[in-house]
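Throughout, the numbering used here is defined as the position within the sequence shown, counted from one, plus 63. Note that CB positions come from ideal geometry on N, CA and C, so glycine has one too. Note that the coordinates shown come from a computational prediction; the quantities given were computed from them, not determined experimentally. These notes concern the structure reproduced below.
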Amino acid sequence: MSDTRPTGPQYVALVTEGGYRIHATITLDWEIGAALYRIPELGGTITVGWESGHYYTRCCDGNAIQITYGKPDRSPFTKHYQDAPTVYGVRLADQAVFHPESMSPTNHRWLIVRREIGGHYSPSAPEGTQRRTAAIVHAITQHMLSRPWADELRRAHDEQQAPARHRHHQRTITELEDEAAKLQEKITQEKTRAAVQAIVIEEAASRAGGAQAPPALLAQHQHQHQHQQLAA
């Protein structure tokens, strides 16, 4: 394994802007490109990685951070994760997505925080839990992005997503090529019909005293006629 992709656990002590101290054991998942912060003060794990859906929507630069409240699961349908953290007695659930530049150490509205109540629905966590969670996520996200392995972790994420993205582009290319072929067929039909109407205009002008159709129209008709001969 490259030195830029460390495999052993790392340990860190962080302090939030509000003075709350946490300790974390960091495990790097190079298969999906994410950092797992196991925080004993919360009795669980918060996973920091990148969100993949923005790539397809092209709504932004694609650098959105994805937070998983617990250990990541390969299933896209999972809402309650193993080793989910507990903040102020509230067990967290689901995931959250945000852009790093939207983070604020004093405002929690940039982060979605949901609580586990069982079943498929996870309501918003209480206000106090949201504030403390946002402060912690702010601290660990800043820490993760500042690490020397952060760029390599992002590269691992992109490598994991590359096969699906390649298939997406191949499907899009096929769809666009089909659309282009249909448009070209319509263009050819319209040119043929326009040439027929040019003949009608030319013949009508000849019957009306020998006057000719406008030069531009005649030139267009001649061009269409030559094109049809070449195509034949």
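#1: Label H86 either buried or exposed according to how many other C-beta atoms from any shown protein chain fall within 10 Å of its C-beta, with 16 as the threshold for buried.
#2: Since L208 sits in a beta bridge, which residues does DSSP pair it with?
#3: Taking the CB atoms as reference points, tell me whether R172 and L155 lie closer together than 8 Å.
#4: For V78, which residues from the same chain have a beta carbon less than 6 Å from its beta carbon, with the 5 sequence-adjacent residues on both sides left out?
#5: Would you list the residues sitting across from D92 in a DSSP beta bridge?
#6: Should T204 go down as buried or exposed, given a rule of 16 or more other Cβ atoms within 10 Å for buried?
#7: Buried or exposed, going by whether 16 or more other CB atoms sit within 10 Å of the CB of P139?
#8: Please list the terminal residues of the continuous beta strand (DSSP E) segment that includes I180.
#9: Tell me, please, which residues DSSP counts as bridged to I130.
#10: Rounded to whole angstroms, what's the CA-CA distance from T88 to R101? Just pull it up for me.
#11: Taking the straight line between their C-alpha atoms, what separation do you get for P226 and A127?
#12: Given that a residue counts as buried once 16 or more other Cβ atoms are within 10 Å of its Cβ, and exposed if not, what is V263?
#13: Classify Y132 as buried or exposed, calling it buried when 16 or more other Cβ atoms lie within 10 Å of its own Cβ.
#14: For the alpha helix (DSSP H) that contains A261, what are its first and last residues?
#15: Use the C-beta contact count for R195: other C-beta atoms within 10 angstroms, 16 or more gives buried, fewer gives exposed.
#16: One question on the structure: do P168 and E80 come within less than 8 Å of each other, judged by their Cβ atoms?
#17: Let's test the definition: count the other Cβ atoms within 10 Å of the Cβ of V259 and tell me whether it reaches 16, buried, or not, exposed.
#18: Short of 8 Å in beta carbon distance, which residues of its chain neighbour W357, apart from the five on each side in sequence? Order them along the chain.
#19: Between which residues of its own chain and D146 is the CB-CB distance below 8 Å, once the five residues before and five after are set aside?
#20: Looking only at its chain, what residues have a beta carbon closer than 7 Å to the beta carbon of S165, apart from the 5 residues adjacent to it on each side?
Here's the rundown:
#1: exposed
#2: None, per the DSSP bridge assignment.
#3: no
#4: R84
#5: A97
#6: buried
#7: exposed
#8: Where I180 is concerned, there is no enclosing beta strand (DSSP E), given that its DSSP letter is neither H nor E.
#9: V111 and A159
#10: 5 Å
#11: 20 Å
#12: exposed
#13: buried
#14: A213 to R270
#15: buried
#16: yes
#17: exposed
#18: In this structure the chain extends from 64 to 295, so residue 357 is not present and cannot be described.
#19: R101, G107, T108, G133 and K134
#20: W173
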